[in-house]
Amino acid sequence: KCVENNTVSCSPWTGHCDCLPGWTSDTCSQDIDECSTQSMPCREYSSCRNTIGDYDCDCNKTLGYQNADHKTCKLIDCIYTLTNSSGTLSSPGYP
């Protein structure tokens with residue numbers, strides 16, 4: 007018997023299950039570990055984390071990236087916003 011939540015369709019004659027993406031086996035009961043089966047499903051600056059029926063890419067926040075969605079990262083334009091209207095800002099080593 008096909009696992010209903012993981013199945014696109016099940017043939018009433020043969021019992022063959024067509025699995026949703028992320029699932030495998032005769033009954034669509036086995037989660038596919040996309041992180042180990044695909045060649046680098048996540049891009050640079052992120053690491054792959056297998057989830058039930060899918061995967062997420064966790065962005066490297068220490069390098070200034072954040073998740074745009076569960077699969078892609080975007081560079082954070084500015085982490086801190088200056089709110090003081092007077093004074094000077096110095097950044098040693100940068101013009």
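The opening position of the sequence shown corresponds to residue 7 in this note's numbering, with each subsequent residue numbered one higher.
Positions of the beta carbon are idealized from the N, C-alpha and C atoms, including for glycine.
Member of the options whose CA lies at the smallest distance from the CA of residue i
i   : options               : result
T68 : D60, K80, P98 and E40 : K80
Y61 : Y71, D75 and Y51      : D75
P18 : S96, C8 and C25       : C8
G70 : Y51, P47 and T94      : Y51
I58 : T20, G21, C41 and G93 : C41
Residues near residue i in its chain [Cβ-Cβ closer than 6 Å; skip 5 each side]
i   : result
I38 : G28 and T30
Separation of residue j from residue i, as counted between CA atoms
i   : j   : result
D32 : L26 : 12 Å
N11 : S35 : 9 Å
T89 : I82 : 18 Å
S92 : P98 : 19 Å
C16 : S45 : 30 Å
S96 : R49 : 34 Å
Cβ distance (whole Å) where residue i is taken to contact residue j below 8 Å
i   : j   : result
C65 : N73 : 5 Å
C63 : T43 : Going by Cβ atoms, the distance from C63 to T43 rounds to 15 Å, so no, they are not a contact pair.
Neighbourhood of residue i by C-beta distance below 7 Å, restricted to the same chain and skipping five residues each side
i   : result
T13 : C23, D24, C25, L26 and C34
P47 : E40, C41, C54 and Y61
Cutoff 8 Å; reference residue i; Cβ partners in own chain excluding five residues on either side
i   : result
S53 : C63, D64 and N66
Bridge-paired residues (DSSP) for residue i
i   : result
S15 : D24
Y71 : L81
C54 : C63
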